[in-house]
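A.B. asks: Could you have a look at this structure, given as structure tokens, before my questions?
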Amino acid sequence: MFEALIRSFSDMIYLALIKEDRFNFLVNGFVVSVQLTFSAAVIGVALGLVIAIFKIRNKGATAAFANAYITVIRGTPAVVQLTVIYFVILAKSGLPAMLIASIAFGLNSAAYVAEIVRGGIMAVDKGQTEAGRSLGLSSLQTMRYIVIPQAVKNVLPALGNEFIVLLKETSIAGYISIVDLNKGGQHISSITYNGMVAPLCVAYIYLLMTTSMASALDRLERRMRAGD
Amino acid sequence: MISVKNLYKSFGKIEVLKGIDVQIERGEVVCVIGPSGSGKSTFLRCLNWLEEPDQGDIILDGVSMTEHKKDIDKLRQKAGMVFQQFNLFPNLTVLENITLAPVKALHLQPKQAEENAVRLLARVGLEEKASAYPNRLSGGQKQRVAIARALAMNPEIMLFDEPTSALDPEMVGEVLDVMKELAKSGMTMVVVTHEMGFAREVADRVLYMDEGVIYEQGTPTEIFVTPKKPRTKEFLSKVL
Chain A
6 MFEALIRSFS
16 DMIYLALIKE
26 DRFNFLVNGF
36 VVSVQLTFSA
46 AVIGVALGLV
56 IAIFKIRNKG
66 ATAAFANAYI
76 TVIRGTPAVV
86 QLTVIYFVIL
96 AKSGLPAMLI
106 ASIAFGLNSA
116 AYVAEIVRGG
126 IMAVDKGQTE
136 AGRSLGLSSL
146 QTMRYIVIPQ
156 AVKNVLPALG
166 NEFIVLLKET
176 SIAGYISIVD
186 LNKGGQHISS
196 ITYNGMVAPL
206 CVAYIYLLMT
216 TSMASALDRL
226 ERRMRAGD
Chain B
6 MISVKNLYKS
16 FGKIEVLKGI
26 DVQIERGEVV
36 CVIGPSGSGK
46 STFLRCLNWL
56 EEPDQGDIIL
66 DGVSMTEHKK
76 DIDKLRQKAG
86 MVFQQFNLFP
96 NLTVLENITL
106 APVKALHLQP
116 KQAEENAVRL
126 LARVGLEEKA
136 SAYPNRLSGG
146 QKQRVAIARA
156 LAMNPEIMLF
166 DEPTSALDPE
176 MVGEVLDVMK
186 ELAKSGMTMV
196 VVTHEMGFAR
206 EVADRVLYMD
216 EGVIYEQGTP
226 TEIFVTPKKP
236 RTKEFLSKVL
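Protein sequences appear in the order of chains A and B. Heads up: the first sequence begins at 6 in our numbering, then just goes up one per residue. Heads up: the second sequence begins at 6 in our numbering, then just goes up one per residue.
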């Protein structure tokens, strides 16, 4: 009885992962998920910084744009944004799905990054800016050498959290026919008629990725805390 | 050196400065005293344009600040400022705090800026703290570094905004000593302070501010020993 259970369990693993090198669905999916997360994070941080600065300057059209942007992105589900961008806005663009997904996830992340960065900059004591300006530094120099380095330290935990959320969010990429880690797992399930092994493997790999991101950020944070 | 003409400043509906006229000569040490809310700090912050006045002008070395708003960064380099809360940059070491502005704004060679910084640290008695971060310093040490940082720009005038008010009592002396030495070296200084002893001993002139105007001014003796006007007398009777 017990032996039979072990046997059927190892059969399942063999079918899901070993036979015909099916583990490759997970390996390739993992690479796709990492690529998506990384490129979306780059777009998200760059655009998020710009939007944050628009909001902090609080002047005219740029501030209105920033507010509208954040409202729309935060007010609609990511999966809806992804499908709208893929099937409507960029439907005729002929761009590869990976690029479109990177843009979509980047645009989504930018709204959250903007709010995080804005909070971090506002949290730097006003006296820091005054001290910089009183020494004859320009407002740009004061931002660059004094305010931003302190803001980065303030926002690092929240920003790291956003990257972890972003990684998990990319698991909806399958909606536009990208085979990421999640979709790769689904493939295995449908080939083998077994919905147990692959989802557990997928969950475990996501967990490995998020925990290693968390510990990398932890180390970075500790190193940046030199001056506290 | 610096002349202030008909200065007005409001925050919303509250009128803080109601017409300030004063002339400060080179090498003069001017202490500004008065009750809280009388506009002392706002007046001082207007002198290097941290607050933009609503009306009036400040003429620094013959250059009108109102007419040269675009060159404000250059003009500010002539006026060093020391704050009540020190405002050292916590992300930089003591030495970097001092060399940042000379390197970035005056385009000094880093090596030269460092030599200057070390010399200034020695002057305020903190040469051994060069590589420490500000969070490792006591309040008095922070304020002395802040003074060295302002001096590194070779300012023609130093502005002090209640430099000892945030310090534990036992650290007030070390900061005042540095300021006294500075005064003796011929630096032009404007000091907003509650340290009446310092004002009495070091100031060439004392301004008593009340309700947004310079209500009475004179030598320390004139203000502290023989004040003429009623509100000055009342204030001094409370603080002395």
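All residues carry an ideal CB built from backbone N, CA and C; glycine is no exception. Source: prediction; values computed, not measured.
Since phenylalanine 88 of chain B meets chain A, which of its residues come closer than 9 Å, beta carbon to beta carbon?
C.D. replies: Here the neighbours are Gly132, Glu135, Ala136 and Ser139.
A.B. asks: Run down chain A in chain order and give the residues with a C-beta less than 9 Å from the C-beta of methionine 184 of chain B.
C.D. replies: Within chain A, no residue comes near methionine 184 of chain B; the closest Cβ sits about 17 Å away, beyond 9 Å.
A.B. asks: Quick one: any contact between the segment 113-122 of chain A and the segment 72-89 of chain A, if contact means 3 or more CB pairs under 8 Å?
C.D. replies: Because the criterion of three Cβ pairs below 8 Å is met, the segment 113-122 of chain A and the segment 72-89 of chain A touch.
A.B. asks: If you compare alpha carbons, which of A:Val47, A:Thr215, A:Ile151 and A:Ser143 is closest to leucine 172 of chain A?
C.D. replies: Closest by alpha carbon: A:Thr215.
A.B. asks: List the residues of chain B that serine 143 of chain A touches, going by C-beta distances under 7 Å, in chain order.
C.D. replies: What serine 143 of chain A touches in chain B: Asp78.
A.B. asks: Would you tell me roughly how many angstroms separate the C-alpha atoms of glycine 34 of chain A and methionine 148 of chain A, rounded to the nearest one?
C.D. replies: Roughly 40 Å separates the two Cα atoms.
A.B. asks: Do isoleucine 181 of chain A and leucine 87 of chain A come within 9 Å of each other at the CB atom, strictly closer than that value?
C.D. replies: Yes, the pair counts as a contact, with Cβ atoms nearer than the cut-off.
A.B. asks: Counting only runs of 4+ residues fully inside the segment 150-201 of chain B, write out the alpha helix (DSSP H) ranges in chain order.
C.D. replies: With a minimum length of 4 residues, the continuous alpha helix (DSSP H) runs that stay inside the segment 150-201 of chain B are 174-189.
A.B. asks: List the DSSP bridge partners of tyrosine 213 of chain B.
C.D. replies: B:Ile38 and B:Glu221.
A.B. asks: Assuming arginine 81 of chain B and serine 139 of chain A form a contact by the criterion Cβ under 8 Å, report the distance between their Cβ atoms to the nearest whole angstrom.
C.D. replies: Confirmed, Cβ separation roughly 6 Å.
A.B. asks: Which whole-angstrom value describes the C-beta separation of glutamine 146 of chain B and leucine 131 of chain B, a residue pair presumed to lie in contact below a C-beta threshold of 8 Å?
C.D. replies: Yes, they are in contact, since the Cβ atoms of glutamine 146 of chain B and leucine 131 of chain B sit about 6 Å apart, within 8 Å.
A.B. asks: Across which residues does DSSP place serine 8 of chain B in a beta bridge pair?
C.D. replies: Beta-bridge pairing links serine 8 of chain B to B:Gln28 and B:Ile64.
A.B. asks: Within 9 Å (strictly less), CB to CB, does lysine 14 of chain B reach chain A?
C.D. replies: Closer than 9 Å: no.
A.B. asks: For isoleucine 183 of chain A, which of helix, strand or coil comes out of DSSP?
C.D. replies: The answer is coil: DSSP assigns isoleucine 183 of chain A none of H, G, I, E or B.
A.B. asks: Can you tell me where the beta strand (DSSP E) with alanine 84 of chain B in it begins and where it stops?
C.D. replies: Per DSSP, alanine 84 of chain B belongs to the beta strand (DSSP E) from 84-87.
A.B. asks: Counting C-beta neighbours from all protein chains within 10 Å, is the total for aspartate 173 of chain B 16 or more, i.e. buried, or is it exposed?
C.D. replies: Classification of aspartate 173 of chain B: exposed, given that the 10 Å Cβ count is below 16.
A.B. asks: Out of curiosity, what's the CA-to-CA distance linking valine 123 of chain B and alanine 57 of chain A?
C.D. replies: For valine 123 of chain B and alanine 57 of chain A, the distance between alpha carbons rounds to 39 Å.
A.B. asks: Check whether the segment 57-70 of chain B and the segment 36-44 of chain B are in contact - that is, three or more C-beta pairs closer than 8 Å.
C.D. replies: No: fewer than three Cβ pairs fall under 8 Å.
A.B. asks: Got a sec: which bits of the segment 143-172 of chain A sit with their beta carbon under 8 Å from any beta carbon on chain B, in order along the chain?
C.D. replies: For the segment 143-172 of chain A, which is checked against every Cβ of chain B, the residues closer than 8 Å are Ser143, Gln146, Tyr150, Ile151, Pro154, Gln155 and Lys158.
A.B. asks: Just the C-alpha distance for valine 218 of chain B and isoleucine 25 of chain B, rounded to the nearest angstrom, thanks.
C.D. replies: Taking the straight line from one Cα to the other gives about 6 Å.
A.B. asks: Report the three-state DSSP secondary structure of tyrosine 117 of chain A (helix, strand or coil).
C.D. replies: Note: tyrosine 117 of chain A maps to helix in three-state DSSP.
A.B. asks: Note down, one range per segment and in chain order, each beta strand (DSSP E) of at least 3 residues found wholly within the segment 13-90 of chain A.
C.D. replies: As far as the segment 13-90 of chain A is concerned, it has no whole beta strand (DSSP E) run of at least 3 residues.
A.B. asks: Near glycine 203 of chain A, which residues of its chain fall below 6 Å by C-beta distance, leaving aside the five closest residues on each side in sequence?
C.D. replies: Inspection of the sequence shows that residue 203 of chain A is occupied by alanine rather than by glycine. Around alanine 203 of chain A: Ala21, Gly190, Ile193 and Ser194.
A.B. asks: Using a Cβ-Cβ cutoff of less than 8 Å, which residues in the same chain neighbour asparagine 140 of chain B once the five nearest sequence positions on both sides are dropped?
C.D. replies: Taken in chain order, the residues that qualify are Pro95.
A.B. asks: Can you look up lysine 14 of chain B in the DSSP assignment and give me helix, strand or coil?
C.D. replies: It is a strand residue.
A.B. asks: Glutamine 82 of chain B touches chain A at which residues, Cβ-Cβ below 7 Å?
C.D. replies: Neighbours of glutamine 82 of chain B on chain A, chain order: Gly141.
A.B. asks: Distance check for serine 98 of chain A and leucine 104 of chain A, CA to CA, integer angstroms please.
C.D. replies: Going from the Cα of leucine 104 of chain A to the Cα of serine 98 of chain A covers about 11 Å.
A.B. asks: For glycine 141 of chain A versus alanine 188 of chain B, is the C-beta distance shorter than 9 Å?
C.D. replies: Taking 9 Å as the Cβ cut-off, glycine 141 of chain A and alanine 188 of chain B do not qualify as a contacting pair.
A.B. asks: Cα separation between glutamate 167 of chain A and leucine 52 of chain A?
C.D. replies: Near 14 Å, if we compare the C-alpha coordinates of leucine 52 of chain A and glutamate 167 of chain A.
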